[in-house]
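Colleague:
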Amino acid sequence: MWQSKPGTRIFVAGRGAVRFDVPQNWHFEPDTKSFRFFDKKPPKEDCCLEVSFNLLPPGNWGEFPLVPLLKKVVDDDSRNPIERGEIIQLKRQTARVVWTQFKFIDPPEQREAYSRICIGLGSNVQCLITFDYWVDDAERLNPVWDTVMESLVLGLFISDPRTGFARPD
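The sequence shown runs 40 to 208 under this note's numbering.
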């Protein structure tokens, strides 16, 4: 049986294609191509955590260049980053994960904000996770990102989402 950290709940998409923990009281909104979590129900939210995923054909994805892809995603971002963080690389048993953050000025609010972007690849699953929040809220919200990154699992498919038992290979 799956267990989440105290104060969090488990999010699972695609019967186990993507799994991570999110704060228990956050508002959830599915979209046509992604899933979004907010600290408060919009329009009163201060942040947005969003995830999407793709199932990939079988292949050797171990050599796929995640770091250059993430750099390109940031370079192509229309919000014009004013400050960029380093790229963090995480290795899991069955997945590789890269993420970074950048600072930008939110045009409608004229306020500094952070965007964190994660690309994960493993077990023929690719995920994109983004987290946008105000710079003023970094101390409160950085632990949320840490929890998502620590609990992220890709491609552990399950037959019954209520139990969390993995499907046999």
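Cβ atoms here follow ideal geometry from the backbone N, Cα and C, with glycine treated the same way.
Touching or not, the segment 140-159 and the segment 168-186, by the rule of three or more beta carbon pairs under 8 Å?
Modeller: Segments in contact, yes.
Colleague: For Ser43, which three-state DSSP category applies?
Modeller: DSSP places Ser43 in coil when its eight states are reduced to three.
Colleague: Does the structure place the segment 173-190 close enough to the segment 56-67 that three or more beta carbon pairs sit under 8 Å?
Modeller: Segments in contact, yes.
Colleague: Among Gly124, Arg150, Pro45 and Gln132, whose alpha-carbon lies nearest the alpha-carbon of Leu109?
Modeller: When each option's Cα is compared against that of Leu109, the closest is Gly124.
Colleague: Can you tell which of Val51, Met188, Ala52 and Pro82 has the C-alpha that lies nearest to the C-alpha of Val137?
Modeller: Considering only alpha carbons, the answer is Met188.
Colleague: Which complete beta strand (DSSP E) runs does the segment 59-97 hold, if anything under 3 residues is left out?
Modeller: Fully enclosed beta strand (DSSP E) runs of 3 or longer: 66-69, 74-77 and 86-94.
Colleague: Quick check: the Cα distance between Pro82 and Gly98, rounded to an integer number of angstroms?
Modeller: Roughly 42 Å between the two C-alpha positions.
Colleague: Keeping to the same chain, check which residues put their C-beta closer than 6 Å to that of Val192; ignore five residues upstream and five downstream.
Modeller: For Val192, where only same-chain residues beyond five positions count, the Cβ hits under 6 Å are Arg58.
Colleague: Three-state secondary structure (DSSP) at Arg179?
Modeller: Helix at Arg179.
Colleague: Ignore the nearest five residues each way along the sequence and tell me which others in Val106's own chain have a CB closer than 8 Å to its CB.
Modeller: Only Ile126, Gln128 and Val137 meet the Cβ criterion.
Colleague: Taking 6 Å as the cut-off, does the CB of Gly46 come closer than this to any heavy atom belonging to the ligand COA?
Modeller: Summarising the ligand content, the structure contains no ligands, and the ligand COA is consequently not present.
Colleague: Starting from Val277, follow the alpha helix (DSSP H) in both directions and report where the run begins and ends.
Modeller: Nothing about residue 277 can be read from this structure; the chain reaches only from 40 to 208.
Colleague: Please state the DSSP three-state secondary structure of Thr186.
Modeller: Here Thr186 sits in helix by DSSP.
Colleague: Using DSSP with H/G/I as helix, E/B as strand and the rest coil, what is Arg135?
Modeller: DSSP places Arg135 in strand when its eight states are reduced to three.
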